[in-house]
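In the numbering used here, the protein residues as written are 156 to 538.
We put the beta carbon where it would ideally sit given N, CA and C, even for glycine.
Since the structure is predicted, the reported quantities are computational estimates derived from the model, not experimental observations.
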Ligand code: GLY
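Right, here's the structure in full:
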């Protein structure tokens, strides 16, 4: 099993080569996806008319900076820190507009401001991250004991909506408590995680994407299919947010139930993993069309590696082997190592019922690179 480290280093060589020119070419942008010619877009382009939470405050806008910090900690090349900081200064402007920010301030500011502060001690980064943590804490519903997810979704009343993805956002709250010594942030994170344990996890280890609570009196109202195939299905990226998110909660709190939950969700993923290691958009989708989500794959792999850090030696290999299988499928069959596309990871899907499938998404590259560093023994604490 030890050769997985050498394999990860080999792939990281290709990542370093590719990101050297991709970062230079896109140093003034905050990309999300590539166009038909393989060029990254720019979600921070102030000349574009994005809708309210689809512009600078787009939820994935922290991952570009996150990739830069991962490369910086490895190479120590200042250009990566400079590009990351440039994106951070832009993201900070979202606090002024305020509207459009929601629970994904965690995804936005954890791999940027928190990573920056942890790596460099920068006080501006700390200020930005604390600001974001306070906004996230402010979304907590004390009666329902959940963090409200989004603001507006069509005509739906979303005051009672919580989503599995938030298991990642709460890392910002753990950091804020660890940094400030104020337990409120951690208490909110744990109350939310406990609610997710109770209401999102199914007995077989699969999870709901969206659960609606009564915002006035608490209590679960119903679940929604969300980005997966439908109600009662099993959106794979959501499985990844659960596996990795519960493992993170265990890392920060030591609460055994969180590790048990991470393992339960992980075993469900491993039991449903195909021979090819390719991950569908939903584990319960029909065989055709065979939509894939390489991004979900990378998140699940990262979660399996996080669990492997916390289990006895006798159990580690099982999680690492499954993660390597998934990552190899990506590196060998779903990665673009050419100069023809700015993104590495291909065949990502935002949601099962999206109009477009098999696109690139910057956070797939982020989780792919992060997982490779973990595997190579060079991981840093981001979440
Ligand atoms: N957090 C939203 C998504 O995974 O698409």
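Cβ-based burial, residue i [other Cβ within 10 Å; buried from 16]
| i | result |
| --- | --- |
| residue 394 | buried |
| residue 231 | exposed |
| residue 253 | exposed |
| residue 245 | buried |
| residue 168 | exposed |
| residue 226 | buried |
| residue 158 | exposed |
| residue 529 | buried |
Closer than 8 angstroms: residue i CB and nearest the ligand GLY heavy atom
| i | result |
| --- | --- |
| residue 213 | no |
| residue 262 | yes |
| residue 506 | yes |
| residue 392 | yes |
| residue 396 | yes |
| residue 342 | no |
| residue 209 | no |
| residue 265 | no |
| residue 200 | no |
| residue 440 | no |
| residue 520 | no |
| residue 320 | yes |
| residue 411 | no |
| residue 259 | yes |
| residue 382 | yes |
When the options are compared against residue i, the one with the closest alpha-carbon
| i | options | result |
| --- | --- | --- |
| residue 319 | 279, 397, 437, 243 | 397 |
| residue 487 | 404, 523, 316 | 523 |
| residue 351 | 427, 339, 367 | 367 |
| residue 345 | 314, 292, 335, 276 | 292 |
| residue 280 | 304, 313, 236 | 236 |
| residue 423 | 485, 458, 446 | 458 |
| residue 553 | 312, 532, 262, 186 | This structure cannot speak to residue 553, because the chain is shown only from 156 to 538. |
| residue 242 | 266, 259, 374 | 266 |
| residue 435 | 463, 288, 196, 452 | 452 |
| residue 465 | 498, 417, 501, 456 | 417 |
| residue 440 | 477, 386, 461, 471 | 386 |
| residue 306 | 338, 390, 212, 460 | 212 |
| residue 289 | 374, 431, 339, 391 | 339 |
Chain D contact for residue i (CB, 9 angstroms cutoff)
| i | result |
| --- | --- |
| residue 249 | Any reference to chain D falls outside this structure, which holds one protein chain only. |
(request) May I ask you to verify whether the region 374-384 touches the region 326-336, counting CB pairs closer than 8 angstroms and requiring at least 3? (result) no
(request) Report yes or no: do three or more beta-carbon pairs, one from the region 263-271 and one from the region 214-226, lie closer than 8 angstroms? (result) Short answer: they touch.
(message) Using 8 angstroms as the cut-off, can you tell me whether the region 487-498 makes contact with the region 173-189, which would need three or more C-beta pairs spanning the two stretches below that distance?
(response) Result yes; three or more Cβ-Cβ pairs closer than 8 angstroms.
(message) So, does the region 442-451 touch the region 399-407, judging by three or more C-beta pairs under 8 angstroms?
(response) At 8 angstroms Cβ cutoff, the stretches do not touch.
(request) Indicate whether the contact test is met: 3 or more Cβ pairs, each with one atom in the region 349-363 and one in the region 411-421, closer than 8 angstroms. (result) yes
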